[in-house]
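Notes to accompany the following structure.
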Amino acid sequence: MKKIVLSILIISLMTPVLAQKKSFYDFKVKDIDGNEYDLINLKGKKVLVVNTASKCGLTPQYKDLQKLYTDYMNDNFVVIGFPANDFLRQEPGTNNEIKSFCSSKYNVSFPMMAKISVKGKNMHPLYQWLTQKDQNGIKDSKVKWNFQKYLIDREGNLVNVVSPKTSPLDKKIIDWIKK
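Set out below in structure tokens:
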């Protein structure tokens, strides 16, 4: 009897803690046009979240991000770009300038969000969740540079963090999408 009461007590005390864990789907962001974009609309899809910049040595990754999106968008997969000016001011443009650059230079059709901060005191709440284990329940990470990639599973959980230098077409990313 004591074990049952103790078990019930532990479960009742832990339930609020478990209920507080957020998922990717708990966030709303602004798209590049300034419209609210509710990430719950991506439920059931695998998502690659990437912070982008137009004037970076890694900017050509837009081409591979677009190819990845085009190749797998029919497999419940989406890429979401978050322009950020946090690394050597390599994304100085306005949202309109970024949108124009992405579409004219790389034919980007995957969702692009409004420019945000991905580090520091002005870090966007989504990136706080992506980088802090106490929020995402998986791991701590730092956004090391432009084009760092975060992999989100179909249930809205962080799965992995991929280095900025790793190509979006890397075998480990493609294998993750396919499985």
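Here the working numbering is used: position 47 in the sequence shown is 1369, and no number is missing along the way. Yeah, the Cβ is synthetic: ideal placement off N, Cα and C, and Gly gets one too.
Asked, Found
"Return the chain-ordered list of same chain residues with a C-beta closer than 6 Å to the C-beta of V1484, the five sequence neighbours on each side being excluded.", "K1471"
"Taking DSSP's pairing of strands, which residues face I1402 in a bridge?", "V1371"
"Give the C-beta separation of A1509 and G1356 to the nearest angstrom, bearing in mind that I take them to be a contact with Cβ-Cβ under 8 Å.", "Since the first and last residues shown for the chain are 1323 and 1501, residue 1509 lies out of range."
"Exposed or buried, which one is L1387 when buried takes at least 16 other CB atoms within 10 Å?", "buried"
"Could you tell me which residues DSSP puts in a beta bridge with N1482?", "L1473"
"Taking 8 Å as the cut-off, decide whether the C-beta atoms of K1421 and N1398 are in contact.", "no"
"Starting from K1427, trace the alpha helix (DSSP H) in both directions and tell me its first and last residue.", "N1417 to Y1428"
"Just to confirm, are D1462 and Q1454 a CB contact at a threshold of 8 Å?", "yes"
"Sorted by chain position, which residues of the same chain lie with C-beta nearer than 7 Å to N1482's C-beta, five sequence neighbours on each side aside?", "L1473"
"Give me the residue from L1410, V1465 and M1434 with the minimum Cα distance to E1419.", "M1434"
"Out of S1345, Q1457 and I1495, point me to the one whose CA is closest to V1372's CA.", "I1495"
"In terms of DSSP beta bridges, what is M1435 paired with?", "D1353"
"Between E1358 and K1365, which are expected to be in contact by the criterion C-beta below 8 Å, what is the C-beta distance as a whole number of angstroms?", "No, E1358 and K1365 are not in contact; Cβ-Cβ is about 16 Å, not under 8 Å."
"From K1487 to L1380, what distance separates their C-alpha atoms?", "7 Å"
"Candidates D1408, F1404 and K1427: which alpha carbon is nearest N1417's?", "F1404"
"With a threshold of 7 Å (Cβ to nearest heavy atom), would N1363 be considered close to the ligand PLP?", "Because no ligand of any kind appears in the structure shown, any question about the ligand PLP cannot be addressed here."
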